[in-house]
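K.L.:
Letter by letter, the sequence shown follows residues 4 to 244 of our numbering.
Don't be surprised by glycine CBs; every beta carbon is placed ideally from N, CA and C.
Note that the structure is a prediction, hence the values are computed from the model and not measured.
One structure, pasted below without further comment.
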Amino acid sequence: MIEPLDVLAVMAHPDDAEIFCGGALIKSAQAGERTGVLDLTAGEAGSRGTIGSRAREAVAAAEVLGLAERRCAGLKDADLRNDRQSRIVVAGLIRALRPRVVVTHWTGGRHPDHRAAASLARDASFLAGLRNFPAEGSPHRPEKVVYALAFTEEPIKPTFVVDITSQMDRKIEALSAYGTQFRGKSGIGEVFPAGDRPVLEQIRAAHATYGSLIRRAYAEPYWTEETAAARTLGRLTVPTF
Numbered sequence: 004m005i006e007p008l009d010v011l012a013v014m015a016h017p018d019d020a021e022i023f024c025g026g027a028l029i030k031s032a033q034a035g036e037r038t039g040v041l042d043l044t045a046g047e048a049g050s051r052g053t054i055g056s057r058a059r060e061a062v063a064a065a066e067v068l069g070l071a072e073r074r075c076a077g078l079k080d081a082d083l084r085n086d087r088q089s090r091i092v093v094a095g096l097i098r099a100l101r102p103r104v105v106v107t108h109w110t111g112g113r114h115p116d117h118r119a120a121a122s123l124a125r126d127a128s129f130l131a132g133l134r135n136f137p138a139e140g141s142p143h144r145p146e147k148v149v150y151a152l153a154f155t156e157e158p159i160k161p162t163f164v165v166d167i168t169s170q171m172d173r174k175i176e177a178l179s180a181y182g183t184q185f186r187g188k189s190g191i192g193e194v195f196p197a198g199d200r201p202v203l204e205q206i207r208a209a210h211a212t213y214g215s216l217i218r219r220a221y222a223e224p225y226w227t228e229e230t231a232a233a234r235t236l237g238r239l240t241v242p243t244f
């Protein structure tokens, strides 16, 4: 049995974790936390690259992110579903990796695989804790499921944001490992084009906007179903004025 993970990003395709929560994963790894990525598909239906090239890019990006584990669930790209067999596969991997926190897509993503991944990650996280659920491994249920809000166009206010000012350049480095996906592009997936601005510059600009919410240079936004607790009013952060 491997050492449990502190954070596991459960995302639809290779490069999604880097786009939506790469900065926070880098920050966690730098803080000594064990981080991992579960790519639900190999991205085989994408318009650019091959299964082999995308797998090599994912390995290179994982090294930049400082991941302890990266796995691929082998589910079908462009036909990702939150069905029983998929839940069994993903629950088994959650049991194997034993994360404390799972991060996944926002529920209203533009890509149908992203929407399916969000519900699949949440349901599999719950089912993985049931003793008699027919997935491989011993029961384990993550403590929290967190949704990455980056690049969503829905007017959802983040529950919290993570300051990635010190990690922004390294996030871009991890994304740059995916040459087949980003080279020559002005937009990709949920990252809409802004004229002819290169997609990596567009990502940096978006994170600058999120950073302004906490008066920092760059940040990533997240949302949780449950309300967070503050120890005291005197310890609330981020000034109003």
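According to DSSP, simplified to helix, strand and coil, what is residue 263?
P.N.:
Summary: the structure shown does not reach residue 263, with the chain confined to residues 4 through 244, and so no result is reported for it.
K.L.:
What first and last residue would you give for the beta strand (DSSP E) that runs through residue 16?
P.N.:
Start at 1 with the first residue of the sequence shown, and residue 16 comes out as number 13. From DSSP, residue 16 is part of no beta strand (DSSP E); its letter is neither H nor E.
K.L.:
Where does residue 190 fall in DSSP's three states?
P.N.:
Position 187 of the sequence shown, counted from the start, is the residue given in the question as residue 190. In the structure shown, residue 190 sits in coil (DSSP, three-state: anything other than H, G, I, E or B).
K.L.:
When we look at the beta-carbon of residue 239 and count the other beta-carbons within 10 Å, is it buried (16 or more) or exposed?
P.N.:
Within the sequence shown, residue 239 is the residue found at index 236, counting from 1. Exposed.
K.L.:
By the 10 Å Cβ neighbour count, where 16 or more other Cβ atoms means buried, how is residue 241 classified, buried or exposed?
P.N.:
What you label residue 241 is simply residue 238 of the sequence shown in a count that begins at 1. Answer is exposed; the Cβ neighbour count stays below 16.
K.L.:
Which word fits residue 23, buried or exposed, when buried means at least 16 other C-beta atoms lie within 10 angstroms of its C-beta?
P.N.:
The count along the sequence shown starts at 1 and reaches residue 23 at position 20. Buried is the call here.
K.L.:
Grab me the residues of residue 163's own chain with a C-beta within less than 6 angstroms of its C-beta, minus the 5 sequence neighbours each way, in chain order.
P.N.:
The residue labelled residue 163 in the question sits at position 160 within the sequence shown. 225, listed in sequence order.
K.L.:
Does the distance from the CB of residue 84 to the CB of residue 121 come in under 7 angstroms?
P.N.:
Taking the sequence shown and counting its residues from 1, one reaches residue 84 at position 81. Taking the sequence shown and counting its residues from 1, one reaches residue 121 at position 118. No, they are not a contact pair.
K.L.:
Tell me the residue span of the beta strand (DSSP E) that contains residue 131.
P.N.:
Here residue 131 refers to the residue found at position 128 of the sequence shown. Careful: residue 131 lies outside any beta strand (DSSP E) and carries neither H nor E.
K.L.:
So, using beta-carbon positions, are residue 100 and residue 187 closer together than 7 angstroms?
P.N.:
The count along the sequence shown starts at 1 and reaches residue 100 at position 97. The count along the sequence shown starts at 1 and reaches residue 187 at position 184. In this structure, residue 187 does not lie closer than 7 angstroms to residue 100 by Cβ.
K.L.:
First and last residue of the beta strand (DSSP E) that includes residue 45?
P.N.:
Taking the first residue of the sequence shown as 1, we reach residue 45 at position 42. Premise fails: residue 45 is in no beta strand (DSSP E) and is neither H nor E.
K.L.:
Is the beta carbon of residue 220 closer than 7 angstroms to that of residue 168?
P.N.:
Mapped onto the sequence shown, residue 168 falls at position 165. Mapped onto the sequence shown, residue 220 falls at position 217. Yes; because the gap between Cβ atoms is below 7 angstroms, this pair is in contact.
K.L.:
Closest to residue 82 by CA distance: which of 98, 47, 110, 51 is it?
P.N.:
For this step, residue 82 is matched to residue 79 along the sequence shown. Closest by alpha carbon: 47.
K.L.:
Just tell me which of 217, 212, 179 has its CA closest to the CA of residue 201.
P.N.:
Position 198 of the sequence shown, counting from 1, holds the residue named residue 201. Among 217, 212, 179, the Cα nearest to that of residue 201 is on 179.
K.L.:
Taking just the CA atoms, how far does residue 41 sit from residue 74?
P.N.:
As a first step, residue 74 must be located in the sequence shown, where it is residue number 71. As a first step, residue 41 must be located in the sequence shown, where it is residue number 38. Cα to Cα, residue 74 sits roughly 5 angstroms from residue 41.
K.L.:
What does residue 75 pair with, by DSSP beta-bridge criteria?
P.N.:
Taking the first residue of the sequence shown as position 1, residue 75 is located at position 72. DSSP output for residue 75 lists 42 as bridge partner(s).
K.L.:
Tell me whether residue 46, by its Cβ, gets closer than 6 angstroms to a heavy atom of the ligand FAD.
P.N.:
The ligand FAD is not part of the structure shown, which contains no ligands of any sort.
K.L.:
Could you check whether residue 78 and residue 37 sit closer than 7 angstroms to each other, using their CB atoms as the reference points?
P.N.:
Taking the sequence shown and counting its residues from 1, the one referred to as residue 37 is at position 34. Taking the sequence shown and counting its residues from 1, the one referred to as residue 78 is at position 75. For residue 37 and residue 78, no; Cβs fall outside 7 angstroms.
K.L.:
Under a three-way DSSP split, which group does residue 221 fall into?
P.N.:
Sequence index remark: in the sequence shown, residue 221 carries index 218 (1-based). Residue 221 falls in the coil class under three-state DSSP.
K.L.:
Roughly how far, in whole angstroms, is the beta-carbon of residue 139 from the beta-carbon of residue 98, given that I think they are within contact range, below 8 angstroms?
P.N.:
Working through the sequence shown from its first residue, we reach residue 139 at position 136. Working through the sequence shown from its first residue, we reach residue 98 at position 95. Correct: roughly 7 angstroms between the Cβ atoms.
K.L.:
Whole angstroms is fine: what's the gap from residue 159's alpha carbon to residue 196's?
P.N.:
As a first step, residue 159 must be located in the sequence shown, where it is residue number 156. As a first step, residue 196 must be located in the sequence shown, where it is residue number 193. If I take the Cα positions, the gap works out to 21 angstroms.
K.L.:
So, under 8 angstroms CB-CB, residue 93 and residue 76 are touching, yes? Tell me the CB distance rounded to an integer number of Å.
P.N.:
What you label residue 93 is simply residue 90 of the sequence shown in a count that begins at 1. What you label residue 76 is simply residue 73 of the sequence shown in a count that begins at 1. Indeed they touch by this definition, with Cβ atoms about 6 angstroms apart.
K.L.:
For the alpha helix (DSSP H) holding residue 185, just list the boundary residues, first then last.
P.N.:
Within the sequence shown, residue 185 is the residue found at index 182, counting from 1. From DSSP, the alpha helix (DSSP H) with residue 185 extends over 182-185.
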